[in-house]
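Trainee: The structure's right below; bear with me while I get my questions together.
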Amino acid sequence: MSAIPSGKSSPERPGLEAIAVKGWLRANKWLFLRRLSQLGILALFLLGPWAGIWIVKGNLSSSLTLKTLPLTDPYVLLQSLAAGHFPYRTALIGAAIVAAFYFLVGGRVYCSWVCPVNLISDAAAWARRRLGLKSGHAPDANTRYWLLAGTLIAAGATGSLAWEWVNPVSILHRGLFFGFGLGGFVLLGVFLYDLLLAPRGWCGHVCPMGAFYSLLGRFALLRVSAARRNDCNDCMDCFRVCPEPQVIRPALKQVGQQSPIIDTGNCTLCGRCADVCSKNVFQITHRFNQRSES
Amino acid sequence: MNSIAGAAGAGCLMALGVGLYARQASALPSQALRPPGARGEAQFLSACIRCGLCVRDCPYNTLKLATLGSSVATGTPYFEARAIPCEMCDDIPCVKACPTGALDRELSDISKARMGLAVLTDHETCLNFLGLRCDVCYRVCPVIDKAITLEIVHNPRSDRHAMLLPTVHSDYCTGCGKCEKSCVLPVAAIKVYPIKLAKGKLPEHYRKGWEEKAKAGGSLIGDQIKLPVRGLEETAP
Ligand code: SF4
Ligand code: SF4
Ligand code: SF4
Ligand code: SF4
Ligand code: SF4
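Next up, the structure:
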């Protein structure tokens, strides 16, 4: 690792300045916590099949924790409803609990703190930055909403959970405990798509599951605030690491809004912007905290 | 405007592709059986959210979730009789585990399950059809003497022995697959198929005379004239 020229940022390695100023630990705090959460959840599910300790059974589509708590993915259940099946109460309660949680906390918290595919798309984004790849371009960010509608229509038209045939999220999570089959190719496809064809393509532009959760979290309580935006020195590191870079500008640069709150369902609350900012511009707070300091 | 159209186009195209794939792949292959209580295949595919809770609660590891590329709908539970058959648990834990009702909790008596139907497919290799007494499929059947019986028929080859033919009765066969699993041949002569594949169907208007007669407690067209049997008077005792 080379010495870090302070006050300079490198497009390949955003966050160097933050490390220099805040120290490695504080410059990776949220990333570390997030990986802990993602891997911890995977570990809970894996304890059963690998070690015979059954705290959680099932997978992210539906699970049973400690033999009592049912949790069901509301998007998957919505597909089932669209396909024309009215499920048992267990699944409905499970979906209500999950939906209520993300409605309050923030829909796409699912994406950066739970979804295992995030590990793949983050890896692709990291590799793309480090390799300095500029190839390809991502489809319109609204593609995901059309696809979301499309998956529900496809469910209705085929009378089956059509998207679940290929949904990388389900394939990855289910595959770890029940076997992948050819599903591995879908995941490789997501990685290569993000790496070579479309920067932040899958999670940021295509995934209908992420689209669903972004709608669910539209009015959630937790929000990122660019509270010390006046300290911003335009190093651009936050834009480079953010999986949804378009969400930052309105709050940071006061484009079309006064409030420092990043008030959109598409911020994943990953906290990476807060990590890499050497000026501590960003903080994770609640939506009513309108203070902007300095 | 252009970008919206592009997004809509890309989104719809992908959804269409997936929909078509789902359509095409939604026929259950002949050797895959659904767990007990599974609703009809069409309804099952709309109900099952592919969580694997039924798989987890099966004490015999009978059930598996299909993976992408296998011919069963990705992520849905099934079993192959020749690999691990269903042991017909009294308490049916797989059905209890299902959160969605893809497995119907109305099924409380496992002998009412209809996972498939056993068919003695190969009359040329079944040892009992060769005139031997293997009987294994008959003996292992949990619904022995109802779902499967041995029917005695004359053995035309030796002309002096009997053949005891394993015969499956759809009123009682649960499709558990124990018979297929235990057939002693390298490839089973008796196999369990999804009912849709295994079962024929009579036209709606067909009536079986002997059944109608039994129901009515006598002939429906009154007594019939007894005609004399001509030409056989000599041989009659
Ligand atoms: S956008 Fe989709 S794949 Fe990406 S993290 Fe969110 S749910 Fe997972
Ligand atoms: S704005 Fe910050 S917290 Fe939100 S997605 Fe971007 S980097 Fe993550
Ligand atoms: S009845 Fe028992 S053996 Fe058969 S599939 Fe269900 S849990 Fe498994
Ligand atoms: S428990 Fe029900 S919903 Fe889950 S995989 Fe089995 S049949 Fe499908
Ligand atoms: S599948 Fe075979 S063993 Fe099972 S009930 Fe039917 S005849 Fe008996």
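Here the protein sequences come in this chain order: A and B.
Residue 1 is where the first sequence starts when you use my numbering, and the numbers rise one by one after that.
Residue 1001 is where the second sequence starts when you use my numbering, and the numbers rise one by one after that.
Don't be surprised by glycine CBs; every beta carbon is placed ideally from N, CA and C.
What residue range does the alpha helix (DSSP H) around Ala1162/B cover?
Mentor: As a position in the second sequence, residue 1162/B is number 162, starting the count at 1. From DSSP, Ala1162/B is part of no alpha helix (DSSP H) but of the beta strand (DSSP E) over 1162 to 1168.
Trainee: What residues of chain A sit near Gln1031/B, judged by a beta carbon separation below 9 Å?
Mentor: Here residue 1031/B refers to the residue found at position 31 of the second sequence. Simply none; closest approach about 17 Å.
Trainee: In terms of alpha-carbon separation, which member of Leu66/A, Leu69/A, Arg223/A, Arg89/A lies closest to Leu77/A?
Mentor: Position 77 of the first sequence, counting from 1, holds the residue named residue 77/A. If we check each option's Cα against that of Leu77/A, Arg89/A comes out closest.
Trainee: Applying the 10 Å Cβ sphere with the 16-neighbour rule, what's the burial state of His205/A?
Mentor: As a position in the first sequence, residue 205/A is number 205, starting the count at 1. His205/A is buried by the Cβ-count criterion.
Trainee: Can you tell me whether DSSP reads Gly181/A as helix, strand or coil?
Mentor: The residue you call residue 181/A lines up with position 181 of the first sequence. Strand, per DSSP.
Trainee: For chain B, check one thing: does any of its Cβ atoms lie closer than 9 Å to the Cβ of Asn289/A?
Mentor: Counted from its first residue, the first sequence places residue 289/A at position 289. It does not; no Cβ of chain B falls within 9 Å.
Trainee: So Ile153/A is in the alpha helix (DSSP H); what residue range does that whole segment cover?
Mentor: Taking the first residue of the first sequence as 1, we reach residue 153/A at position 153. Element bounds for Ile153/A: 143 to 158.
Trainee: Among all residues, which have a Cβ less than 7 Å from at least one non-hydrogen atom of ligand 1, and in what chain order do they fall?
Mentor: Here the list is Arg108/A, Tyr110/A, Cys111/A, Ser112/A, Cys115/A, Val117/A, Asn118/A, Ser121/A, Pro168/A, Val169/A, Trp202/A, Cys203/A, Cys207/A, Met209/A, Gly210/A, Tyr213/A.
Trainee: What is the DSSP secondary structure of Lys1064/B, counted as helix, strand or coil?
Mentor: Position 64 of the second sequence holds residue 1064/B. The answer is strand: DSSP assigns Lys1064/B an E or B state.
Trainee: Among Arg1034/B, Ala1216/B, Val1168/B, Val1055/B, which one has its Cα closest to the Cα of Gly179/A?
Mentor: Here the question's residue 179/A lines up with position 179 in the first sequence. Comparing Cα-Cα distances from Gly179/A to each of Arg1034/B, Ala1216/B, Val1168/B, Val1055/B, the minimum goes to Val1055/B.
Trainee: Can you give me the Cβ contacts of Pro1029/B inside the same chain, cut-off strictly under 7 Å, excluding the 5 residues immediately before and after it?
Mentor: Position 29 of the second sequence, counted from the start, is the residue given in the question as residue 1029/B. Around Pro1029/B: Ser1071, Val1072.
Trainee: Tell me whether Tyr1193/B, by its Cβ, gets closer than 8 Å to a heavy atom of ligand 5.
Mentor: Counted from its first residue, the second sequence places residue 1193/B at position 193. Tyr1193/B Cβ: outside cutoff for every heavy atom of ligand 5.
Trainee: Over the uninterrupted alpha helix (DSSP H) stretch that includes Lys1226/B, give me the two end residues.
Mentor: Here the question's residue 1226/B lines up with position 226 in the second sequence. Per DSSP, Lys1226/B belongs to no alpha helix (DSSP H) and is neither H nor E.
Trainee: Please classify Thr158/A: is it buried, with 16 or more other beta-carbons within 10 angstroms of its beta-carbon, or exposed?
Mentor: Numbered from its first residue, the first sequence carries residue 158/A at position 158. The residue is buried, with at least 16 neighbouring Cβ atoms inside 10 Å.
Trainee: Just the C-alpha distance for Asp1226/B and Arg1082/B, rounded to the nearest angstrom, thanks.
Mentor: Within the second sequence, numbered from 1, the residue matching residue 1226/B stands at position 226. Within the second sequence, numbered from 1, the residue matching residue 1082/B stands at position 82. In the sequence as presented, Asp is not what sits at residue 1226/B; that position holds Lys. Whole-angstrom Cα-Cα distance: 55 Å.
Trainee: Does at least one heavy atom of ligand 5 sit under 8 Å from the Cβ of Leu196/A?
Mentor: In the first sequence, the residue the question calls residue 196/A occupies position 196. Result no, Cβ not under 8 Å from ligand 5.
Trainee: Determine the DSSP secondary structure at Ala1042/B, reduced to helix, strand or coil.
Mentor: Position 42 of the second sequence, counting from 1, holds the residue named residue 1042/B. Correct three-state label for Ala1042/B: helix.
Trainee: Could you give the C-beta distance for Phe212/A and Leu148/A, rounded to a whole number, given that I count them as a contact under 8 Å?
Mentor: Looking up residue 212/A in the first sequence gives position 212. Looking up residue 148/A in the first sequence gives position 148. 6 Å between Cβ atoms; contact.
Trainee: Say whether chain B places a C-beta atom closer than 9 Å to the C-beta of Phe101/A.
Mentor: Residue mapping note: residue 101/A aligns to position 101 of the first sequence, counting from 1. Taking Cβ atoms only, chain B never reaches closer than 9 Å to Phe101/A, which makes this a no.
Trainee: Whose CA, out of Ser112/A, Val21/A, Ala124/A, lies closest to the CA of Leu188/A?
Mentor: One-based indexing of the first sequence puts residue 188/A at position 188. Closest by alpha carbon: Ala124/A.
Trainee: Who are the neighbours of Ser1070/B on chain A, taking C-beta pairs under 9 Å?
Mentor: Here the question's residue 1070/B lines up with position 70 in the second sequence. Chain A residues near Ser1070/B: Gly181, Leu182.
Trainee: Strictly under 9 Å for the Cβ-Cβ distance: is Ala96/A near chain B by that measure?
Mentor: Start at 1 with the first residue of the first sequence, and residue 96/A comes out as number 96. False, the Cβ-Cβ gap to chain B never drops below 9 Å.
Trainee: How about Arg144/A and Ser225/A: do their beta carbons lie closer than 9 Å?
Mentor: As a first step, residue 144/A must be located in the first sequence, where it is residue number 144. As a first step, residue 225/A must be located in the first sequence, where it is residue number 225. No, the Cβ-Cβ distance between Arg144/A and Ser225/A is not below 9 Å.
Trainee: Would you call the segment 1116 to 1129 of chain B in contact with the segment 106 to 113 of chain A, where contact means no fewer than 3 C-beta pairs closer than 8 Å?
Mentor: Output reads no: the segment 106 to 113 of chain A does not touch the segment 1116 to 1129 of chain B.
Trainee: Here's a check: name, in chain order, each residue in its chain whose Cβ is nearer than 8 Å to the Cβ of Glu1204/B, leaving out the five neighbours to either side.
Mentor: Here the question's residue 1204/B lines up with position 204 in the second sequence. Excluding positions up to five away in sequence, the list is empty.
Trainee: Thinking just about the alpha-carbon of each residue, which of Cys273/A, Asn266/A, Leu133/A is nearest to the one in Asn142/A?
Mentor: Residue mapping note: residue 142/A aligns to position 142 of the first sequence, counting from 1. Ranking the options by Cα distance to Asn142/A, first place goes to Asn266/A.
Trainee: With a threshold of 8 Å, establish whether the CB of Ala1147/B neighbours any heavy atom of ligand 5.
Mentor: As a position in the second sequence, residue 1147/B is number 147, starting the count at 1. Yes, Cβ of Ala1147/B sits closer than 8 Å to a heavy atom of ligand 5.
Trainee: Taking contact to mean at least 3 C-beta pairs separated by less than 8 Å, is the segment 274 to 284 of chain A in contact with the segment 21 to 36 of chain A?
Mentor: Output reads yes: the segment 21 to 36 of chain A touches the segment 274 to 284 of chain A.
Trainee: Have a look at Asp1090/B and Ile1110/B and give me their C-alpha separation to the nearest angstrom.
Mentor: To locate residue 1090/B, count along the second sequence from 1; it is residue 90. To locate residue 1110/B, count along the second sequence from 1; it is residue 110. Asp1090/B and Ile1110/B: Cα-Cα distance of roughly 6 Å.
Trainee: How about Ile1225/B: is its Cβ closer than 8 Å to a heavy atom in ligand 5?
Mentor: Position 225 of the second sequence, counted from the start, is the residue given in the question as residue 1225/B. Not so, every heavy atom of ligand 5 lies at least 8 Å from the Cβ.
Trainee: Short check: CB of Val1168/B to CB of Ile1195/B, under 9 Å?
Mentor: On the second sequence, residue 1168/B is found 168 positions in, with the first residue counted as 1. On the second sequence, residue 1195/B is found 195 positions in, with the first residue counted as 1. No, the Cβ-Cβ distance between Val1168/B and Ile1195/B is not below 9 Å.
Trainee: Counting only Cβ pairs nearer than 9 Å, list the residues of chain B close to Thr90/A.
Mentor: If you number the first sequence from 1, residue 90/A lands on position 90. Simply Cys1098, Pro1099, Thr1100, Gly1101.
Trainee: Locate the alpha helix (DSSP H) running through Glu1180/B, then write down its first and last residues.
Mentor: Taking the first residue of the second sequence as 1, we reach residue 1180/B at position 180. First-last of the alpha helix (DSSP H) with Glu1180/B: 1178 to 1182.
Trainee: Which residue spans inside the segment 1077 to 1164 of chain B form an unbroken beta strand (DSSP E) run of at least 3?
Mentor: Runs of the beta strand (DSSP E) inside the segment 1077 to 1164 of chain B: 1117 to 1120, 1148 to 1154.
Trainee: For Ala1032/B, count neighbouring C-beta atoms within 10 Å of its own C-beta (all shown protein chains included) and say buried if the count is 16 or more, exposed if not.
Mentor: Residue 1032/B sits at position 32 when you count from the first residue of the second sequence. Looking at its Cβ environment, which holds 16 or more other Cβ atoms inside 10 Å, Ala1032/B is buried.
Trainee: Please give the ranges of any beta strand (DSSP E) in the segment 51 to 108 of chain A, keeping only runs that are unbroken, at least 3 residues long and fully inside the region.
Mentor: Here the runs fully enclosed are 56 to 59, 62 to 65, 69 to 72.
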